[in-house]
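All remarks here apply to the structure that follows.
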Amino acid sequence: MCVNKTHFVLDTTAWIEWARCSDLGRRPATDFPEMARCIVPTYVLCELATWSQQALPPDDHETLMASIAACESAELDLETVLTAEDFLLERPGVRMSEQIAFATARRRGVRMLTCNPLLEGWPQVVYRQPNQASIVQS
0 MCVNKTHFVL DTTAWIEWAR CSDLGRRPAT DFPEMARCIV PTYVLCELAT
50 WSQQALPPDD HETLMASIAA CESAELDLET VLTAEDFLLE RPGVRMSEQI
100 AFATARRRGV RMLTCNPLLE GWPQVVYRQP NQASIVQS
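By numbering that gives the first Met the number 0, the letter at position 68 of the sequence shown is numbered 67, and the numbering carries on one by one without gaps.
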């Protein structure tokens with residue numbers, strides 16, 4: 000499979016790391032993909048909206064939501080759900096939102112950015128430890 004190396008699907012862990020440690024978007028561009036290169040599955044968006052409303056101050060929540068609005072949205076469809084379900088059966092313990100992010104990346108031929116160590120070594124996955132200096136590498 001040919002993988003597009005300029006776009007990324009970001010899972011919830013990558014977004015949370017960005018929101019917690021990046022001073023909400025003021026990090027250098029090399030640390031996180033440009034928003035125009037980010038793809039956000041709608042399932043991940045719902046999870047992030049809930050998390051950020053509870054965990055962030057209101058202004059930071061709104062900043063995060065505005066940043067995500069600049070990204071491409073990936074609608075959840077039956078094929079993505081079935082692909083995610085297949086991976087979930089193979090890898091118990093990985094949350095459904097991460098499975099959906101992975102399935103979205105696979106279907107679109109792009110890489111997935113995560114901070115979840117359970118996904119390290121998966122095909123098309125770029126794993127970065129939380130608080131690692133540079134999240135995106137080619």
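Using N, Cα and C, we set each Cβ at its ideal position, and we do this for glycine too.
According to the DSSP secondary-structure assignment, Ser72 is paired through a beta bridge with Val39. About 5 Å separates the CB atoms of Glu71 and Ile38; that is less than 8 Å, so the two are in contact.
Arg94 sits in coil when the DSSP states are folded into three classes, being neither helix nor strand. Look at Leu81 here: in three-state DSSP terms it is helix.
Per DSSP, Leu118 is not a residue of any beta strand (DSSP E), being assigned neither H nor E. Sequence-distant Cβ neighbours of Pro129 in its own chain, meaning closer than 6 Å and more than five residues away, are Glu16 and Cys114. Counted as a single uninterrupted DSSP element, the beta strand (DSSP E) harbouring Leu112 occupies residues Val109 to Thr113.
The alpha-carbon of Ser66 is positioned some 31 Å away from that of Asp85. Under the three-state reduction of DSSP output, Leu55 falls in the coil class, being neither helix nor strand.
With three or more CB-CB distances shorter than 8 Å, the segment 110-125 counts as touching the segment 3-15. If you compare the alpha carbons of Glu97, Val8 and Asp58 with that of Glu46, the shortest gap goes to Glu97.
Rounded to the nearest angstrom, the gap between the Cα atoms of Gly92 and Leu118 is 10 Å.
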